[in-house]
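For reference, the structure discussed in these notes is given below.
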Amino acid sequence: INAEYGEPMETKEEVSYEAKCALTTAIAKPLAPKKLSKKLYKCSKAAMKTKAVRRGVKEVCKALRKGEKGFCILAGDVSPIDVISHLPVLCEESKVPYCYVPARSDLGAAIGSNTPCSILLILKGEEYKDKYKECVKGIKELPSIYS
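Counting from 1 along the sequence shown, just add 234 to a position and that's the residue number in this note's numbering.
So, in structure tokens, the structure goes:
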């Protein structure tokens, strides 16, 4: 903060979606397109209001092992990648759809947190069921990494 004027010294400029995609790791597939990413962020914001979100690696792993169902959103710019590299396999074993979004900071901001977030598990809820269904449909339409 600029002490003389009480203003921030630098202002963050908006980084384009394409620039964020360029910074993702090699295993960040399937990567959600820009339109789907916005839908995922809106759904996660709605789910956060009803506390139907599991966030962070530890909490999501625990929820998946206990059999909670929903869909996962992983950040594509996590470093070191070993932190989340086991989660896609865990999602597939639990038959939970998942996809990557380009930035951790956007994922954290979507749920109203100042802290970046590596992974979210969005549980099914009545208040936002239309958004939820739209997101799951969008994730399932993404090209498979095995084809």
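Where is the CB? At the ideal position from N, CA and C, for every residue including glycine.
Helix, strand or coil: which one does DSSP assign to residue i?
i: Gly304; result: strand
i: Val294; result: helix
i: Leu257; result: coil
i: Leu265; result: strand
Excluding five sequence neighbours on each side, which residues of the same chain lie with their C-beta closer than 6 angstroms to the C-beta of residue i?
i: Val249; result: none
i: Leu298; result: Leu324, Ser328
i: Asn348; result: none
i: Lys367; result: none
i: Ser271; result: Val335
Near residue i, which residues of its chain fall below 7 angstroms by C-beta distance, leaving aside the five closest residues on each side in sequence?
i: Ala344; result: Tyr275, Ser278, Lys279
Using C-beta distances below 8 angstroms, list every residue in its chain close to residue i, excluding the 5 sequence neighbours before and after it, in chain order.
i: Val291; result: Val317, Ile318, Leu321, Ser352, Ile353
i: Ser313; result: Thr259
i: Ile379; result: Lys263, Pro264
i: Gly301; result: Ser328
Could you name the residues that DSSP lists as bridge partners for residue i?
i: Val249; result: Bridge partners of Val249: none, in fact.
Counting only runs that start and end within the stretch 310–370, where is the beta strand (DSSP E) found for 3 or more residues in a row? 332–335, 353–357
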